[in-house]
Amino acid sequence: MPSISTLVTDPDAFFRDRSESPSWVGPALVVTLIAILGVVAGVIRIRTMGQIFERIMADAGGGADATGFFQAFQLAGIVIGFVVTYVVWLLYGAYFYGASALFDGTGKFTTTLKLVGWGFVPSLVGSLLNLLIVVYRFRIRGFDVPSNLSGQAAAQYMQQVNSGPLVTLAAVLGIVFTLWSGLLWTFAVKHARQLSTRNAAITVVLPVLIGLGVGGFAVFNAL
């Protein structure tokens, strides 16, 4: 069986040789690492954004209860995001399995799900790079908080926090990784469902286009 490196150098061979008896271990590990990296990045953001929100509420005459609610809300979002990572894996697998049936695809759903999981490797790389960017922006470089964060000043400052060259870079890389995932999913579905490369590409194109649209919107907002 080819090494993991063939996922990059020869994805067709990688999925072909794993389609007979694919394992849960590799794809599950990929998805789990994505979820963990998302949690770590989210916690770092919460700690910084919580301090900023506390300043905003203090300048606006709000109390500590609002800050606590904000942090609890953000923490709940992180927990939900961890679970959603696995749900997304399941939904992608289900969609590819169902869509490939239009081309008379054959093969087990579990095989499709396992091979599709490998298609999230680009997301894993993206999550790692995103974590590095978050660490640099929020922990190493930090932000200079203005003395007054009330009204329009608060809105302008939050726009500054959520934009900039590194945010734009992360969004652009997200588009690149979406295209890479589309390539991997094409070969994953091809061998999981016994399709031609063309029909497999048609099967995966809709989620990829949606991902590209989301990525383009993220780039626009980061500018």
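In my numbering, the protein residues as written are 485 to 707. In this text, a Cβ means the ideal position worked out from N, Cα and C, and glycines have one as well. Please read all numbers here as calculations on a predicted model, not as lab measurements.
- Within the same chain, and ignoring the five residues on either side of Phe-557 in sequence, no residue has its Cβ closer than 7 Å to its Cβ.
- For Lys-592, the secondary structure class from DSSP, reduced to helix, strand or coil, is coil.
- Taking a 10 Å sphere around the C-beta of Ile-530, we find 16 or more other C-beta atoms and assign the residue as buried.
- In this structure Phe-604 touches Ile-518 by the C-beta definition: roughly 6 Å separates them, less than 8 Å.
- Asp-501 and Gly-695 have their C-alpha atoms roughly 28 Å apart.
- In this structure Leu-667 is in contact with Pro-495, their Cβ atoms being roughly 7 Å apart against a cut-off of 8 Å.
- Lys-674 sits buried, since 16 or more C-beta atoms from the chains shown fall within 10 Å of its C-beta.
- Across the set Tyr-581, Ser-647, Gln-678, Val-618, the C-alpha of Val-618 shows the shortest separation from the C-alpha of Val-527.
- DSSP places Ser-607 inside the alpha helix (DSSP H), whose first and last residues are 605 to 619.
- Take Gly-601, set aside five residues on each side of it, and the residues of its chain with a beta-carbon closer than 7 Å to its own are Pro-511, Ala-512, Val-514, Val-515, Trp-573, in chain order.
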